[in-house]
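Sequence order for the protein chains is A and B. Residues 37 to 539 in the working numbering are what the first sequence spells out, letter by letter. Residues 71 to 500 in the working numbering are what the second sequence spells out, letter by letter. Quick reminder that beta carbons are idealized off the backbone N, C-alpha and C, glycines included.
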Amino acid sequence: MTEPLSFELSRPAVDPPRLPEADVDGPGPADVLPHDMLRDRPPGLPRLSEPEIMRHYSRLASLNYSISENFYPLGSCTMKYNPVLNEQAAALPGFAGLHPYQDEETVQGALELMWRLERALCAVVGVERATLQPAAGAHGEWTALRMIAAFHHSREENRTEVLVPDSAHGTNPASAALSGFHVVEVKSGPDGRISLADLESKLSPRTAALMLTNPNTLGLFEREILDIAEMVHATGALLYYDGANLNAFMGICRPGDMGFDAVHMNLHKTFTTPHGGGGPGAGPVGVKADLVPFLPTPTVERTNGHLELDYKHPQSIGRVRSFYGNFGMLVRAYTYILAMGGDGLSQASQDAVLSANYLRKLVEGDLEMPHAGPCMHEFVASAHHLTTEHGVRALDVAKALLDRHFYAPTVYFPLVVPEAIMVEPTETESKETLDSFARAIKEIAAEARTDPQSLHAEPKTLPVGRLDEVAAARKINAYLVGQSEDPVLRWKAPGEGAPKEAC
Amino acid sequence: MPYLVHSPEDRAAMLETIGVESMDDLLVDIPQSLRLESLQLPNGLSELETMAQVQALADRNRVYPDRLTFRGGGVYRRFIPAAVSAVTSKPEFYTAYTPYQAEASQGTLQAIFEYQTLIAELTSLDVSNASLYDGATAVAEAAMMAYVHTGRNEVLVSGYVHPEYVQVLRVFGEGRGIKVRKGDQPNKKTAAVIFQQPDFLGLLVDAPALTRAAHDAGALAIACVDPISLAILASPGEYGADIAVGEGQQLGLSPSFGGPHVGFIACRRELVRKLPGRLVGTAHDAQGRRGFVLALAAREQHIRREKATSNICTNHSLCALAAAVYLTYMGPYGLRQVAEVSFKRAHHLAARLAALPGWELAFPERQFVNEFPVRVPKAPSVVKKLARKGILGGLEVNRWFRELKGVVTFTCTEVNDPSAIDELVAALGS
Numbered sequence: 037m038t039e040p041l042s043f044e045l046s047r048p049a050v051d052p053p054r055l056p057e058a059d060v061d062g063p064g065p066a067d068v069l070p071h072d073m074l075r076d077r078p079p080g081l082p083r084l085s086e087p088e089i090m091r092h093y094s095r096l097a098s099l100n101y102s103i104s105e106n107f108y109p110l111g112s113c114t115m116k117y118n119p120v121l122n123e124q125a126a127a128l129p130g131f132a133g134l135h136p137y138q139d140e141e142t143v144q145g146a147l148e149l150m151w152r153l154e155r156a157l158c159a160v161v162g163v164e165r166a167t168l169q170p171a172a173g174a175h176g177e178w179t180a181l182r183m184i185a186a187f188h189h190s191r192e193e194n195r196t197e198v199l200v201p202d203s204a205h206g207t208n209p210a211s212a213a214l215s216g217f218h219v220v221e222v223k224s225g226p227d228g229r230i231s232l233a234d235l236e237s238k239l240s241p242r243t244a245a246l247m248l249t250n251p252n253t254l255g256l257f258e259r260e261i262l263d264i265a266e267m268v269h270a271t272g273a274l275l276y277y278d279g280a281n282l283n284a285f286m287g288i289c290r291p292g293d294m295g296f297d298a299v300h301m302n303l304h305k306t307f308t309t310p311h312g313g314g315g316p317g318a319g320p321v322g323v324k325a326d327l328v329p330f331l332p333t334p335t336v337e338r339t340n341g342h343l344e345l346d347y348k349h350p351q352s353i354g355r356v357r358s359f360y361g362n363f364g365m366l367v368r369a370y371t372y373i374l375a376m377g378g379d380g381l382s383q384a385s386q387d388a389v390l391s392a393n394y395l396r397k398l399v400e401g402d403l404e405m406p407h408a409g410p411c412m413h414e415f416v417a418s419a420h421h422l423t424t425e426h427g428v429r430a431l432d433v434a435k436a437l438l439d440r441h442f443y444a445p446t447v448y449f450p451l452v453v454p455e456a457i458m459v460e461p462t463e464t465e466s467k468e469t470l471d472s473f474a475r476a477i478k479e480i481a482a483e484a485r486t487d488p489q490s491l492h493a494e495p496k497t498l499p500v501g502r503l504d505e506v507a508a509a510r511k512i513n514a515y516l517v518g519q520s521e522d523p524v525l526r527w528k529a530p531g532e533g534a535p536k537e538a539c
Numbered sequence: 071m072p073y074l075v076h077s078p079e080d081r082a083a084m085l086e087t088i089g090v091e092s093m094d095d096l097l098v099d100i101p102q103s104l105r106l107e108s109l110q111l112p113n114g115l116s117e118l119e120t121m122a123q124v125q126a127l128a129d130r131n132r133v134y135p136d137r138l139t140f141r142g143g144g145v146y147r148r149f150i151p152a153a154v155s156a157v158t159s160k161p162e163f164y165t166a167y168t169p170y171q172a173e174a175s176q177g178t179l180q181a182i183f184e185y186q187t188l189i190a191e192l193t194s195l196d197v198s199n200a201s202l203y204d205g206a207t208a209v210a211e212a213a214m215m216a217y218v219h220t221g222r223n224e225v226l227v228s229g230y231v232h233p234e235y236v237q238v239l240r241v242f243g244e245g246r247g248i249k250v251r252k253g254d255q256p257n258k259k260t261a262a263v264i265f266q267q268p269d270f271l272g273l274l275v276d277a278p279a280l281t282r283a284a285h286d287a288g289a290l291a292i293a294c295v296d297p298i299s300l301a302i303l304a305s306p307g308e309y310g311a312d313i314a315v316g317e318g319q320q321l322g323l324s325p326s327f328g329g330p331h332v333g334f335i336a337c338r339r340e341l342v343r344k345l346p347g348r349l350v351g352t353a354h355d356a357q358g359r360r361g362f363v364l365a366l367a368a369r370e371q372h373i374r375r376e377k378a379t380s381n382i383c384t385n386h387s388l389c390a391l392a393a394a395v396y397l398t399y400m401g402p403y404g405l406r407q408v409a410e411v412s413f414k415r416a417h418h419l420a421a422r423l424a425a426l427p428g429w430e431l432a433f434p435e436r437q438f439v440n441e442f443p444v445r446v447p448k449a450p451s452v453v454k455k456l457a458r459k460g461i462l463g464g465l466e467v468n469r470w471f472r473e474l475k476g477v478v479t480f481t482c483t484e485v486n487d488p489s490a491i492d493e494l495v496a497a498l499g500s
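This is the structure we're talking about:
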């Protein structure tokens, strides 16, 4: 089943919603504004009644898999249960109703929450201070790199390169480039960990920082992290921690103790704020003392129980978004941390590691494991053998899982593993769920041997089958070069230059 | 412990299956010197105790009623239809991930596609992306597009653009070596002229003239717009702007102390390949059924890495969904009604405030929509007096603009009913 677009459901005869009249003496726009300041024709928004709107969105909702209904073993994304209590907390009028420009005296509770959350996050990752301003992980990475640039600049050092392992998330090199750095790739060794020899050869007086995820994107702990930190610091560079994989070791160890100078966290991964179908998240950044002067402003300071927004940091990089960050997400994360406590967070990470190793064990007969275990909170398997022997690719495995009511693992990432299947079960999935997932993998592997063709045709049970992205890209290209009037990236009313079949 | 599912028996059985004795055997790669005893955090709480603590923090904040909130400055009180939160609180939407597996994410993908179309219609531009973080980062991303498109490294900020947006733009610009200059005289170095319509004070700028000036200098015109005002004001596409950006908080999102809200960005066809972030397009399956996919991914960080148009990955999908529900609920005429009611009430309020002894419009010759600057004698004490009476009065803007000492901006929307306006004026008179 598919659902028409709201624009296709729209009927011009539908009344607009009932809204208040102005009920005051005052001119309307046409009375005072010159004609050329006014809009020519009303925007082409759909016209639907509330019952139709609600049904439309309920039907759309039913077309989604989500963590509320499905196991979501999406590696590197930490799709754990989103506590409903968090939603209730963020919706409290005392938070949701606050204007960002209210006087400080009237928002003491909000500032206290931010202050406490900052301390809690610092305790988890082992750093001095943190900024809660960044809106997402990539935004946090970039914020950290701006601070690192400012740090080197303040020491009158001209460091232009950032080292990034070949297994890193794509946001790492992108954030480094947007921060004005030249990106230098560091190779992984055969054991899936960063090659110290290659690192050594790439470190130089030009190096501003090494960006590292630990455990890395293969789910492996960088055993030589203390040596790595020493090497990096010895050249005068800093060490940056990509917090995507923080769920592996809360309460077990801390990036700050490993020698990381700046640490970003994804509240929408580790700290259970919901992913929202692609945000909003929050990407706070914690830093060691050397970087504290460069934190974005304002910071939240507390003196004798009184809280204030402090803009007086002359070396600050400035502001990285409006207001104070995604406050609603901060409320959710703080609520989670309160409920879990230090003991709960530690247990959560241990369970995450346990579940990953358990699932890895269950599927290791059916998928290749390119690197030796144990893994941390996730593992990367490979469907390479299925591809070479039966023509079944990681994508086929992913789509076949969808037909079995599991969301798919991350596939084709990290790039260093062919036909990669990256699985992160998280601590909130039961042993029974993990068992059933392993059974599904076993079935799919068996089907790959007996009937590979049928796997190419999956998914069969979803609203749509595999969508032809190549044809879509071709059509978009035709539009962008002016050979077609079908934008593909939006709906257009028939007769507005779109072909008869609207999309 | 809350939200954890394994029983001690499960854990033991799982360790046995793995073939190890204890958790420590799974953590062997972590050097002993790094291992922690415990976190320096209090132990966890029951749900009852957790909520009591959180509620106590909420209670330490003062919430002004919608109708008595006359402060804007980028975040506004608006009527939010019940439909908005009824949709965004559906767990199928809020607990889904970025729609990487299209077939299992059609709900999110179609909703984003509808959002993109709504924003494109509102701005009269060709294509909108799936959302950005906020208005400030949307301005900065637009400036990056202009920098890449023109190969020029200076952007011009004209007039009273939201000061926090400009601050963010500067930090973004520093990373790429882009200079941010204030003024409205573009030259051969100018990549873009950025203006806000209405501006931070609520005043209307001559958007067509600024757009022409930008184009005459070979620069792009970036319009930072108020989405609700577009129901009545000429749209960026109508006056020829190349990129429209803005803050979408007014489209169904609560103030929430400044976030999460949503940044929007739309552009002309020629610039689509330079757009940051996600884009959703239509595609078809083997049976010819229409579906929706993430499109033009070759611009993005997970494919392009350091050559990506932006580093953005997680954006503000759920907020974009709220905006889509809001705009669909309002439709063209509902949105116009909201904009007109706000316009009329703001003009009514402006006339009454200007009639108070010693008060005057700060820029009487300039037009506005529903926010306006007033010169107020003893502004700080006036605003404090209103707070004592339970009214969130206007915003003193001289904290950002020294030349605007004594200038306070007031905003009025459909939530400020006539009796609330009477209360405000009475409180000022007393």
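Looking at the DSSP output, Phe334/B bridges to Gly316/B. Put simply, the backbone Cα of Ala212/B is about 8 angstroms away from that of Ile335/B. Residues of chain A with a Cβ closer than 7 angstroms to the Cβ of Ile461/B do not exist; the shortest Cβ-Cβ separation is about 12 angstroms. Just so you know, the alpha carbons of Val350/B and Leu366/B end up roughly 8 angstroms apart.
Straight across, the Cα-Cα distance linking Leu323/B with Gly307/B is about 25 angstroms. Per DSSP, reduced to three states, the secondary structure at Ser472/A is helical. Apart from sequence neighbours up to five positions away, the residues of its chain that approach Thr207/B with a beta-carbon distance below 7 angstroms are Val238, Gly333, ordered along the chain. Note on geometry: alpha-carbon atoms of Lys435/A and Leu303/A lie some 29 angstroms from one another. Residues Arg251, Gly253, Pro256, Thr260, Val263 of the same chain have their beta carbon placed closer than 6 angstroms to that of Leu226/B, with the five preceding and five following residues left out of the count. When C-beta atoms of the segment 117-129 of chain A are compared with those of the segment 283-303 of chain A, fewer than three pairs fall below 8 angstroms, so the two segments do not count as touching.
Within the segment 200-217 of chain A, those residues whose Cβ lies closer than 9 angstroms to any Cβ of chain B are, in chain order, Val200, Ala204, His205, Gly206, Thr207, Asn208, Pro209, Ala210, Ser211, Ala212, Ala213, Leu214, Ser215, Gly216, Phe217. The Cβ-Cβ distance between Ala304/B and Asp72/A falls below 8 angstroms. Among the residues of chain B, those whose CB is under 9 angstroms from the CB of Phe359/A are Gly144, Val145, Asp204, Ala206, Glu234, Phe327, Gly328, Gly329, His331, following chain order. For Gln125/B, the uninterrupted alpha helix (DSSP H) segment begins and ends at 117-129. In the DSSP assignment, His342/A falls within the unbroken beta strand (DSSP E) covering 342-346.
By the 16-neighbour rule on beta-carbons within 10 angstroms, Pro434/B is exposed.
Listed along chain A, no residue sits closer than 9 angstroms to Asn440/B by beta-carbon distance, the nearest being about 10 angstroms off.
At a cut-off of 8 angstroms between C-beta atoms, Arg195/A does not count as an interface residue with respect to chain B. Under a criterion of Cβ atoms nearer than 7 angstroms, the residues of chain B adjacent to Asn362/A are, in order, Gly329, Pro330. Taking 9 angstroms as the Cβ-Cβ cut-off, the segment 229-254 of chain B approaches chain A at His232, Glu234, Tyr235, Gln237, Val238, Arg240, Val241, Phe242, Glu244, Gly245, Arg246, Gly247, given in chain order.
Its chain contains Asp202, Ser203, Ser224 as the residues whose beta carbon lies nearer than 7 angstroms to that of Val452/A, once the 5 sequence neighbours on both sides are disregarded; these appear in chain order. Pro450/A is positioned such that its CB atom lies no closer than 8 angstroms to that of Val459/A. The Cβ atoms of Pro136/A and Val145/B lie closer than 8 angstroms to each other. Chain-order list of chain B residues neighbouring Gly312/A: Tyr164, Ser387, Leu388, by C-beta distance under 7 angstroms. The C-alpha of Thr165/B is placed about 27 angstroms away from the C-alpha of Ala126/B.
Put simply, the segment 336-344 of chain A does not touch the segment 93-109 of chain B. Fewer than three CB pairs are less than 8 angstroms apart. Comparing C-alpha distances from Leu274/A to each of Ala265/A, Leu282/A, Asn281/A, Leu55/A shows the shortest one belongs to Ala265/A. Inclusion of Glu164/A and Lys324/A in the CB contact set at 8 angstroms is warranted, their separation being smaller than that value. Partner residues in the beta bridge of Gly361/B, as assigned by DSSP, are Ala353/B. Just measuring C-alpha positions, the residue of Ala393/B, Asp136/B, Ala289/B sitting nearest Gln319/B is Ala393/B.
For a Cβ distance threshold of 8 angstroms, residue set Arg75, Pro79 of chain A lies close to Leu300/B, ordered along the chain.
In this structure Leu345/B is not in contact with Phe163/B, their Cβ atoms being roughly 24 angstroms apart against a cut-off of 8 angstroms.
What Thr120/B touches in chain A, judged by beta-carbon distance under 7 angstroms, is Leu121, Thr371, Leu374, Ala375, going in chain order. Judged by beta-carbon spacing, Tyr203/B lies within the 8 angstroms limit of Ala171/A, meaning their Cβ atoms are closer than that value. Per DSSP, the unbroken alpha helix (DSSP H) holding Thr178/B starts and ends at 176-193. About 6 angstroms separates the Cβ atoms of Tyr443/A and Leu110/A, confirming a contact at the 8 angstroms cut-off.
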